[in-house]
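Taking the numbering used here, the leading residue of the sequence shown gets 28, the next gets one more, and so forth. Encoded as structure tokens, the structure appears first; notes follow it.
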Amino acid sequence: MFIFIFACTQAGDIVDGDSADSAVADTAEAGEPTAEPEQPVMDTGEWPERPWPVVGSGSWHSCAVDQEEQTHCWGRSLEGQTLPPEDVSFRQLVGGRTFSCGLAFDSQIHCWGEHPEPIPTERFRSIAAGNGFVCGIREDRSLSCFGDDSFGILSPPEGSFQQLDAGESHACALSSVSQVSCWGKNTQGQCESPDGVFEKVTAGFFHSCALSGGDVSCWGENHDGSLDIPNITAMALWTGNYHSCILNPADQALCWGGESYDLSGGLIGDKFLSLALGGFHTCGITVEGELRCYGDNVQGQLDYPGATSDEAESSPENDE
Numbered sequence: 028m029f030i031f032i033f034a035c036t037q038a039g040d041i042v043d044g045d046s047a048d049s050a051v052a053d054t055a056e057a058g059e060p061t062a063e064p065e066q067p068v069m070d071t072g073e074w075p076e077r078p079w080p081v082v083g084s085g086s087w088h089s090c091a092v093d094q095e096e097q098t099h100c101w102g103r104s105l106e107g108q109t110l111p112p113e114d115v116s117f118r119q120l121v122g123g124r125t126f127s128c129g130l131a132f133d134s135q136i137h138c139w140g141e142h143p144e145p146i147p148t149e150r151f152r153s154i155a156a157g158n159g160f161v162c163g164i165r166e167d168r169s170l171s172c173f174g175d176d177s178f179g180i181l182s183p184p185e186g187s188f189q190q191l192d193a194g195e196s197h198a199c200a201l202s203s204v205s206q207v208s209c210w211g212k213n214t215q216g217q218c219e220s221p222d223g224v225f226e227k228v229t230a231g232f233f234h235s236c237a238l239s240g241g242d243v244s245c246w247g248e249n250h251d252g253s254l255d256i257p258n259i260t261a262m263a264l265w266t267g268n269y270h271s272c273i274l275n276p277a278d279q280a281l282c283w284g285g286e287s288y289d290l291s292g293g294l295i296g297d298k299f300l301s302l303a304l305g306g307f308h309t310c311g312i313t314v315e316g317e318l319r320c321y322g323d324n325v326q327g328q329l330d331y332p333g334a335t336s337d338e339a340e341s342s343p344e345n346d347e
């Protein structure tokens with residue numbers, strides 16, 4: 028049995044587990060040394076029994092973890108972002124422009140490539156990567172960020188949070204009472220989040236989106252159709268640079284935005300458990316546990332393990 032701190036929902040999102048607090052016995056006699064308390068373990072289930080349990084994407088690359096807990100990365104590697112450590116197993120993967128980071132089973136952050144510094148040594152529940160920064164939800168549910176402090180990104184809001192996502196130079200988080208807060212670059216209104224109660228928030232390059240009761244709301248700049256939300260019922264939501272995707276009640280992926288890279292429309296022929304959106308590509312784990320990727324392949328973003336040459340050649344490319 029593998030003990031994780033977070034479990035995958037049907038849509039593949041990471042959700043919090045319950046903390047099992049450890050306590051030191053209070054019956055020790057005066058002067059008797061007491062044992063150090065153990066770190067709490069948050070048990071949310073077993074490692075999923077499918078070929079690819081975890082996937083995450085950066086601007087021009089993606090990474091995934093296989094059933095043997097080995098991490099594989101593909102796409103742009105000029106900065107080392109596709110060269111993960113071989114001796115660490117990850118339960119979450121995220122990517123920025125020139126780096127990748129993973130959250131290990133001990134809840135420590137590890138990064139590779141040209142990544143932000145300094146990497147904190149405390150434990151995290153989940154993490155998200157932007158252009159040159161990483162933010163995460165600490166064990167006490169507070170937010171912490173490290174890396175490039177442009178636009179005040181390293182000064183997240185205070186409070187208790189359950190989920191977060193990072194865009195190019197801004198980030199958004201969902202509080203413990205399901206309200207959205209965004210911070211960082213706001214030149215296109217990407218941080219002007221609506222009032223209301225939401226289930227998930229996502230962040231793109233110049234826009235952000237949120238999910239509530241099957242409905243999707245997006246705000247910011249409508250670059251490349253990123254705010255042109257179709258008439259859909261959404262069970263899950265993800266956002267890339269200029270495109271977003273949802274899973275409908277039939278587990279089909281439907282996307283909009285990214286029109287210059289032909290990223291809108293449906294991902295035909297497969298049903299998905301989860302998706303990971305990069306800058307100009309989308310990867311996902313099907314209900315059978317297999318990897319699929321679609322979109323721009325100019326940096327090898329579609330050369331995932333098991334991809335056929337026909338799949339890569341048939342996908343649109345764009346050099347811009």
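Every residue, glycine too, gets a C-beta built ideally from N, C-alpha and C.
The alpha carbon of Gly123 has as its nearest neighbour, out of Gly316, Phe178, Ala303, Ile312, the alpha carbon of Ala303. Distance from the Cα of Val115 is smallest, within the candidate group Tyr331, Phe132, Arg103, Ala237, for Phe132.
The beta carbons of Gln217 and Ser235 sit closer together than 8 Å. Annotation: the stretch 174-245 contains the following complete segments of the beta strand (DSSP E) (minimum length 3 residues), in chain order: 188-193, 197-202, 207-211, 227-230, 234-239.
Contact between Tyr331 and Cys310 holds: CB atoms are separated by about 7 Å, below the 8 Å threshold. A contact between stretches requires three or more CB pairs, one per stretch, nearer than 8 Å, and the stretch 163-182 meets this requirement with the stretch 207-222. Counting only the Cα atoms, Leu238 lies some 23 Å from Val161. Counting only the Cα atoms, Val81 lies some 17 Å from Gln135. Here Asp255 is near Gly284, since their CB atoms are less than 8 Å apart. For His142, no beta strand (DSSP E) run applies, since DSSP gives it neither H nor E. Separation of Leu110 and His137 (C-alpha to C-alpha, rounded to the nearest whole angstrom) is 12 Å. When secondary structure is reduced to three states using DSSP, Ser86 falls in the coil class, being assigned neither helix nor strand. In the three-state DSSP reduction, Ser169 falls in the coil class, being neither helix nor strand. Taking a 10 Å sphere around the C-beta of Asp167, we find fewer than 16 other C-beta atoms and assign the residue as exposed.
Judged by their CB atoms, Gly157 and Ser104 are not nearer to each other than the 8 Å cut-off. With contacts defined by Cβ atoms closer than 8 Å, Trp79 and Gln328 do not form a contacting pair.
Inter-residue distance for Val325 and Asp251 is about 19 Å (C-alpha atoms, whole angstroms).
In the structure shown, the three-state DSSP call for Tyr288 is helix. The residue from Gly85, Glu96, Ser84 with its alpha-carbon nearest to that of Glu73 is Glu96.
Beta-carbon to beta-carbon, Gly140 and Glu106 are separated by about 5 Å, close enough to satisfy the 8 Å threshold.
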